[in-house]
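Counting in our numbering, the sequence shown runs from 1 upward without gaps. Here a beta-carbon is modelled for each residue, glycine too, at the ideal position from N, C-alpha and C.
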Amino acid sequence: MAIWLHQPPFCVPIERCNNFVTIHPTALIDSSAIVADDIEVGPYSVIGPHVEIGSGTTIESHVVIKGPTTIGANNHIYQFSSVGEACQDLKYKGEPTRLVIGDNNVIREGCTLHRGTIQDAGITQLGSNNLLMANVHIAHDCVVGDNIIIANNAALAGHVKISDHAILGGFTAVHQFCQLGAHCMTGAGSVVLKDIPAFVMANGNAVAPHGINTEGLKRRGFSKSAIRGLREAYKVIYRQGNTLEEAITQLQKMVSEVNEVAILVASLQASTRGIIR
Numbered sequence: 001m002a003i004w005l006h007q008p009p010f011c012v013p014i015e016r017c018n019n020f021v022t023i024h025p026t027a028l029i030d031s032s033a034i035v036a037d038d039i040e041v042g043p044y045s046v047i048g049p050h051v052e053i054g055s056g057t058t059i060e061s062h063v064v065i066k067g068p069t070t071i072g073a074n075n076h077i078y079q080f081s082s083v084g085e086a087c088q089d090l091k092y093k094g095e096p097t098r099l100v101i102g103d104n105n106v107i108r109e110g111c112t113l114h115r116g117t118i119q120d121a122g123i124t125q126l127g128s129n130n131l132l133m134a135n136v137h138i139a140h141d142c143v144v145g146d147n148i149i150i151a152n153n154a155a156l157a158g159h160v161k162i163s164d165h166a167i168l169g170g171f172t173a174v175h176q177f178c179q180l181g182a183h184c185m186t187g188a189g190s191v192v193l194k195d196i197p198a199f200v201m202a203n204g205n206a207v208a209p210h211g212i213n214t215e216g217l218k219r220r221g222f223s224k225s226a227i228r229g230l231r232e233a234y235k236v237i238y239r240q241g242n243t244l245e246e247a248i249t250q251l252q253k254m255v256s257e258v259n260e261v262a263i264l265v266a267s268l269q270a271s272t273r274g275i276i277r
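Given below as structure tokens:
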């Protein structure tokens, strides 16, 4: 049956299939797309072939989703976003690479998320419980974890990895292959050219370290002793003149007293571009 939006005649009917799924009649969904029974798709949105969309997901108007793309449950994708488009890497020759999105993400207006390349794993990944504010760009082969906030107009170049609970300020630009550790934070307009260790705040062009993300850790329930230990670890890295290898050696001795330091050590050991200084 059809129901009307508010205040006709300025709106058009929505089709309800099996009394659950709500597809606007102007939306286009490829016959090969696999969509859950309770999704909503707004006016003029296009869902292409080889797309899977999980339960409870809302697709607002004028969204384009191309495959191969898998979208989990309870996501909300706002108008004018482009999801699963071919990447902008000149090496890309049309290979069937993928975009995989987890659950409970909010993807605001005008975001772009591109599929991967065969030069990497062939998959761009966005985890769960993330907020991408308006006009965020996630390039090919990025791996974005869970519970991350990326503010307006931030852009990730190819192959970037962001660990859980990171926060990127508006207009942050991240160079390709950079790694941003868990619970790190960047200020607005930051330009990230090297890896940011876990828990570290960074700001500037190019970014420099500005201490531990203390307020963020408090909000997430970290104990006073953990935060105090991470501050001491920060001093080992940035205030005592140690090389990265020397700092890691000292930090490993601190792990038995402050477990969270292990996360920091792991982010240092994973660095491939060198850490910010």
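Whole angstroms is fine: what's the gap from residue i's alpha carbon to residue j's?
i    : j    : result
A247 : I227 : 18 Å
A134 : K253 : 43 Å
I123 : L264 : 26 Å
S256 : R220 : 22 Å
T172 : L217 : 21 Å
D120 : H159 : 8 Å
H183 : P25  : 43 Å
S267 : P197 : 6 Å
T97  : Q240 : 45 Å
L99  : H50  : 11 Å
G67  : S32  : 10 Å
S225 : N74  : 36 Å
A262 : L132 : 28 Å
T249 : V258 : 15 Å
S55  : G94  : 29 Å
N203 : T57  : 35 Å
Y238 : R231 : 10 Å
N213 : E260 : 13 Å
A36  : Y44  : 19 Å
I65  : T22  : 17 Å
Q79  : R108 : 7 Å
S81  : N242 : 45 Å
Is residue i helix, strand or coil when you go by DSSP?
i    : result
L264 : helix
Q240 : coil
R108 : coil
M133 : coil
I39  : coil
Q252 : helix
A155 : strand
S225 : helix
Q179 : strand
G274 : coil
L230 : helix
K218 : helix
K161 : strand
Q79  : coil
Q88  : coil
A73  : coil
E245 : helix
Q269 : helix
E15  : Note that E15 scores a pLDDT of 48, beneath 50, so its modelled location is shaky and nothing firm can be said.
Return yes when the Cβ of residue j is within less than 8 Å of the Cβ of residue i, no when it is not.
i    : j    : result
T117 : H140 : yes
I276 : V191 : no
T272 : Q125 : no
D195 : G127 : no
V46  : T69  : no
G211 : M201 : yes
H62  : V106 : no
S163 : G181 : yes
A233 : L251 : yes
G72  : D30  : no
N130 : V144 : yes
On a Cα-Cα basis, can you pick out the residue from the options that is closest to residue i?
i    : options                : result
H114 : F199, I101, V200       : I101
C142 : Q176, G67, H183, E95   : Q176
G229 : F199, L244, N203, G204 : F199
A157 : T57, H137, V35         : H137
A27  : L244, L193, I59        : I59
I53  : A233, I34, Y44         : I34
N205 : V174, Q269, E232       : V174
G48  : N129, E85, R231        : E85
N153 : G110, G67, I65, V64    : G110
K235 : P209, I65, R108, E215  : P209
E215 : M185, Y238, I237, L193 : M185
A270 : G145, K161, E260       : K161
L193 : V64, N213, A155        : A155
Check: Is the number of C-beta pairs between the stretch 140-152 and the stretch 166-173 that are closer than 8 Å three or more?
Finding: In short, these stretches touch, since the Cβ pair count reaches three.
Notebook entry, point to check: With a cut-off of 8 Å, do at least 3 Cβ pairs link the stretch 85-104 to the stretch 37-45?
Noted result: Touching, no.
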